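See below for the structure under consideration.
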Amino acid sequence: MLQQTTVVAVVPYFERFLARFPNVKELAQAEESEVLKLWEGLGYYSRARNIYKAARIVVAQFDGVFPSTVTELQQLPGIGRYTAGAIVSFAFDERAPIVEANTLRLYARLLGYDGDPRSTEGQRLLWEFAEVVLPQSQPGRFNQALMELGASVCSPKSPQCETCPVSGFCRAFRDQTQSTIPRLAKRAEITAVIEASVAVRKKDAYLLRRRNAGERWAGLWDFVRFELTPAESITQIIDAVRDQTGLKIDLGPQIAELKHAVTRYRITLKCFTAETVSGTLHKHEEWEWVPAHRFGEFPLSVTGRKFAKLLAADNG
DNA sequence: AATGCGGGGCT
DNA sequence: AGCCCAGCATT
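The working numbering puts the first residue of the first sequence at 2, with every later residue one more than the last.
In C-alpha cells, the structure reads:
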C-alpha cells in the first residue's frame, strides 16, 4: 500500500485490510473483487491485484510460509527490489539494503550526488551506498531509522540540517546544496481531457461496466464513460452510448462536472442521466445492471463513486 | 531509458 | 498550480 503513497493516506486502508485479511491464507481465499473493494480509492490498483496474486502463490507454492530471501520475494508480483529488501530487513532482520523516497533523498544529499537519483547511474550509486552503510547488527532497525530520518529531518523542502545527527557527514550540507539535491527529473506534462459519463437506469438498477485488464482502473466498475472531442454534441453522446452498449437513450440533463487528475491527465468529466432507455444490451460480459443498493459489492472508480453519490442525492 | 499507473496532502 | 509520496511492471 505504501508504494508511492503517503503513510497518512494508507493508514485507514491498512487497518481495514488487516481486519478483513489477518493473514496470507485468508487473503488467498478471498475473491479478487473483494480485495479491490477494500482498495477502492487508494489508487494504483495493480498493487491490489498483485498482493492477491502473491498471496495465492505463497499459499500454493510456499505452503503458506512467506519466503525470506530477496531473490525469492522479488519473484512475487508487485514485490521489487525495495519491497523485498524491506520485508527481509524489517520482518526477518536480515541484512538487505533498501532505497526508497526517503533514503533516496537522504543518501543523495549525504553523497552530494548532483545527477538524477532515479537514473540508472544514480540507482547504482545509491543502492551501493545503502549496501555499504548497512551494519551487521540490527539492519532492519537501521533501515527504518534512516527512512525516518529522511522523512522527518531530511525533508524535501527546508530540511532541518541544524538538528540533523549526520550533517557532519553530509556533502550537501557542507556545500549548501540541500535545496538542489536530489535533482529529480521533471514530471511528464499534463494533458487536459474531457469525458462524459452517463447513468443509464432501468428501474432501480444502473448500467455498470467492469473495466478490462490493460486499461486504467482495470477490475473496477464504472458507469458508461467515454472521451469527448471538443465539438461533441448531445446527439454524438447518444450515439456513443449506443455504440458502447447497444442501447438507445434519450439524454437527460447534465447533473455534474467532476474534475479529476490521474497520472498525466487532468480529466473533466461531464455527468449525465439517461431519461429513456430502449433496445438490447450488447452481449459483452463486462456490462451489468446493478441496483443502487448493491453498489457496496462493486469496487467503483473514484469518479464512479462520486457520480453514484450525486445520483443518490438527486433521487432524494 | 521511458512510460503508465491514482489519488490526496501540502506549499 | 506544482510537487511529492515506504515503486513496480512493461515496453
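For glycine and all other residues, C-beta sits at the position ideal for the given N, C-alpha and C.
None of the values given here were measured: they were computed from a predicted structure.
Q | Under the three-state DSSP convention, the category L208 falls into | A | L208 sits in a strand when the DSSP states are folded into three classes.
(Q) Given this structure, state the Cα-to-Cα distance separating D147 from F130, to the nearest angstrom. (A) Reading the sequence as shown, one finds Leu at residue 147 and not Asp. Rounded to the nearest whole angstrom, the CA to CA distance from L147 to F130 is 13 angstroms.
Q. Looking at the unbroken alpha helix (DSSP H) that takes in W128, where does it start and where does it end?
A. In this chain, the alpha helix (DSSP H) harbouring W128 covers 121-134.
Q.
Please tell me whether G247 and T281 are closer than 8 angstroms, where the distance is taken between their beta carbons.
A. Contact: yes.
Q) What's the C-alpha gap between V133 and K187? A) Whole-angstrom Cα-Cα distance: 29 angstroms.
Q) Is C272 helix, strand or coil by DSSP? A) Note: C272 maps to strand in three-state DSSP.
Q. Between A173 and R110, which are expected to be in contact by the criterion C-beta below 8 angstroms, what is the C-beta distance as a whole number of angstroms?
A. About 4 angstroms separates the beta carbon of A173 from that of R110, a gap short enough to meet the 8 angstroms contact definition.
Q: Going by DSSP, name the residue or residues bridged to F224.
A: BP columns for F224 point to L209.
**Q.** Three-state secondary structure (DSSP) of R52
**A.** Contrary to the premise, residue 52 reads as Ile rather than Arg in this sequence. In the structure shown, I52 sits in a helix (DSSP, three-state: H, G or I).
Q) Since S302 contacts L209 with CB under 8 angstroms, what's their CB separation in whole angstroms? A) Wrong, their Cβ atoms sit about 10 angstroms apart, outside the cutoff.
Q | Supposed contact pair E190 and R265 - C-beta distance, whole angstroms, cut 8 angstroms | A | By a beta-carbon distance limit of 8 angstroms, R265 contacts E190. Their separation comes to about 7 angstroms.
Q) Going by beta carbon distance, what residues of the same chain come within less than 6 angstroms of S153, once the five residues before and after it are set aside? A) Closer than 6 angstroms at the Cβ level, and outside the excluded window around S153, lies no residue.
Q) Is it a yes or a no for the stretch 24-40 touching the stretch 54-70, going by three-plus beta-carbon pairs under 8 angstroms? A) Short answer: they touch.
**Q.** 7 angstroms CB neighbourhood of A219 in its chain, flanking five on each side removed
**A.** Cβ within range, chain order: Y46, R212, N213.
Q.
Considering only their Cβ atoms, is the gap separating E289 from G253 smaller than 8 angstroms?
A. Judged by their CB atoms, G253 and E289 are not nearer to each other than the 8 angstroms cut-off.
Q: Please state if the CB of V263 and the CB of V225 are separated by a distance shorter than 8 angstroms.
A: Going by C-beta atoms, V225 is not nearer than 8 angstroms to V263.
Q: List the endpoints of the continuous beta strand (DSSP E) containing A193.
A: Under the DSSP assignment, A193 falls in the beta strand (DSSP E) whose first and last residues are 192-200.
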